Amino acid sequence: MILTGQLDSPFVRRVAIALNFYRLPYRHNVISAYGDFDDLLRVNPLGKVPALTLDGGTVLADSTLILDHLDRAAGEGKSLWPSAADARAKALAHVGVAVGLAEKAVEFRTETVRRPSDKIDQPRVDRVVAQIGASLAWLERHTPGDGFAAGESVSHADIASATAVTFISHKNPEHLGGSPEGDGDYPNLLRHARLCEEMTEFKAAPFTDY
Ligand SMILES: N[C@@H](CCC(=O)N[C@@H](CS)C(=O)NCC(=O)O)C(=O)O
């Protein structure tokens, strides 16, 4: 399998980390969604990362669809979803907000860093900032003071949350509030992200600013 995309993307990272938990070998095609756009279009017609090229040549795009496939392909007992329906529903809700948060954090950068300053649409930026704040607050309320986000062991909820929070803490820590040294407005969330980032599977796919 070939995973296309850089580890500064929270979506690429959530796939890479899940591959590590599944113990599935893969080759990493480190190309930039912006700097290597033509190469990327040849892999994924959407020109987006991540893309996962399966051994048979099928190309999957979008982290959630990729992980849907991998969770099945990983084999018996390897799923990163809780098996009980209630816990699974909680994990799905968590992933929905965490992946949405990552999308809003990326959109914030598109709206503020990638636009000429005279083309910034401030009401749009304000809306995205409000969505980021509300999503962080939701995740803080739904992240326990210790342990995993949903269920007894690591799940897609933990990976989605930690990769989103790590991305924000590197790129726009101002979203996290408080002093740079402290845990700001989201102590559970930041503690949880640190716990995850200490795991071998996370360390093997570290956030990387290229
Ligand atoms: N929902 C998608 C989001 C993927 C995404 O937005 N990737 C960004 C990089 S972090 C990208 O490729 N952006 C380029 C573009 O949208 O043109 C997923 O979960 O994979």
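Following numbering that gives the first Met the number 0, the numbering of the sequence shown begins with 0 at its first residue and continues without gaps. C-beta atoms are modelled at their ideal positions from N, C-alpha and C, and glycine is treated no differently. Here the structure is a predicted model, which means the values were calculated and not measured.
With 16 other Cβ atoms within 10 Å as the buried cut-off, status of S82: With fewer than 16 other beta carbons inside 10 angstroms of its own, S82 counts as exposed.
Taking the beta strand (DSSP E) that I1 belongs to, which residues open and close that run? Counting along the chain, the beta strand (DSSP E) containing I1 begins and ends at 1-3.
As a quick exercise: from I1, L6, L2, M0, pick the residue whose alpha carbon is nearest that of T207. Distance check between T207 and each of I1, L6, L2, M0 places L6 closest, using alpha-carbon atoms only.
Whole angstroms are fine: how far does the CA of Y21 sit from the CA of D145? Between D145 and Y21, the alpha-carbon positions lie close to 24 Å from each other.
Is L45 buried or exposed, if buried means 16 or more other CB atoms sit within 10 Å of its CB? Exposed, because fewer than 16 other Cβ atoms sit within 10 Å of the Cβ of L45.
Return the first residue and the last residue of the alpha helix (DSSP H) that V58 is part of. Run containing V58: none in the alpha helix (DSSP H); it sits in the beta strand (DSSP E), 58-60.
For N187, name the three-state secondary structure that DSSP assigns. In the structure shown, the three-state DSSP call for N187 is helix.
Inspect the CB distances between the region 1-20 and the region 192-208 and report whether three or more fall short of 8 Å. Yes, the region 1-20 is in contact with the region 192-208.
With distances taken from CA atoms, which of L66, D120, A163 is nearest I131? Per the Cα distances, A163.
Is the Cβ of R193 closer than 8 Å to any Cβ of chain B? Protein chains in the displayed structure number just one, and chain B is not present.
Who are the near neighbours of A104 in its chain, counting only those whose CB is closer than 8 Å to its CB and skipping five residues on each side? Cβ within range, chain order: P9, I131, A163, F166, I167, K170, N171, H174.
So what's R210 in DSSP terms, helix, strand or just coil? Here the chain has residues from 0 to 209 only, and residue 210 is not among them.
At a cut-off of 7 Å, is G46 close to ligand 1 when judged by its beta-carbon and the heavy atoms of the ligand? Between ligand 1 and G46, a heavy atom-to-CB distance of less than 7 Å is present.
A90 lies in the alpha helix (DSSP H); which residues open and close that run? From DSSP, the alpha helix (DSSP H) with A90 extends over 84-111.
The beta strand (DSSP E) that contains L51, what's its start and end? For L51, the enclosing beta strand (DSSP E) has its first and last residue at 50-52.
Quick one: does the C-beta of S160 sit closer than 7 Å to a heavy atom of ligand 1? Taking 7 Å as the cut-off, the C-beta of S160 does not count as close to any heavy atom of ligand 1.
For K118 and F107, what's the separation of their Cα atoms in angstroms? Near 14 Å, if we compare the C-alpha coordinates of F107 and K118.
Tell whether a beta-carbon distance below 8 Å holds between T142 and L91. No, the pair does not count as a contact, with Cβ atoms beyond the cut-off.
Buried versus exposed, by CB contacts within 10 Å (16 or more), D157: D157 should be labelled buried.
Is the distance from the Cβ of L2 to the Cβ of L69 below 8 Å? In terms of Cβ geometry, L2 and L69 do not form a close pair [threshold 8 Å].
Considering just the uninterrupted stretch of the alpha helix (DSSP H) at R13, what are its terminal residues? Note, R13: alpha helix (DSSP H), 9-21.
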